[in-house]
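Student:
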Amino acid sequence: MKISSFFCFGSVIALIAPLLAGCSTVLERPQEVVTYRLSAPVESLSKLGAPTLDDAVRIYTVAAASGFDTTRMAYSRQPQELVYYTRSRWVAPPADLLFDVLKQSFEAFDGFRTVVGPASRLSARWGVQVELNELTHQ
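Going by the numbering used here, the first residue of the sequence shown is number 2, and it counts up by one from there.
1) DSSP beta-bridge partners for Y76?
2) Look at the alpha carbon of V1 and the alpha carbon of D56, and state the distance between them as a whole number of angstroms.
3) Restricting to Cα atoms, I'd like to know which of R122, T137, N134 is closest to I60.
4) For T71, which of D101, V116, P94 has the nearest alpha-carbon?
5) Quick check on this structure: which residue in A120, F113, L136, G68 has the alpha carbon closest to the alpha carbon of R126?
6) Please report the distance separating the alpha-carbon of K104 from that of P31.
7) Could you give the distance in angstroms between the alpha-carbon of F69 and the alpha-carbon of L98?
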């Protein structure tokens, strides 16, 4: 009888020990997600002698290839392969960020009377359409 109760007690200890050990482990605090945005140096092109047009320019919505329609940041080790970073995100999809940079750059250019977006009812003689197919940094 003493032998069987010893094995029974030993079995219980063997089952509970890993659970107790798991409770005593120090858990690491999860690392925070870091967000990024696109930016470009904005200078007035009129200082560089660029021509002045008394017209409006319309910046259309930036079209984006698949993979650029998310805030997840990706990299590629091989062609046709996307791998996503775990803790890095864009503040908005890259196409939206590129639209903002284009609009800010054209607004800083003193050569146009006004810069309008795709939904504006104002007429514009000039237009800019961009398609985002690749985004790299060096």
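From the three backbone atoms N, C-alpha and C, an ideal C-beta is built for every residue, glycine too.
Just so it is clear, the structure is predicted and the values come from calculations on it, not from any experiment.
Tutor: From the atom records:
1) V84
2) The displayed coordinates of the chain run from 2 to 139. Any statement about residue 1 would go beyond what the structure contains.
3) R122
4) P94
5) F113
6) 37 Å
7) 11 Å
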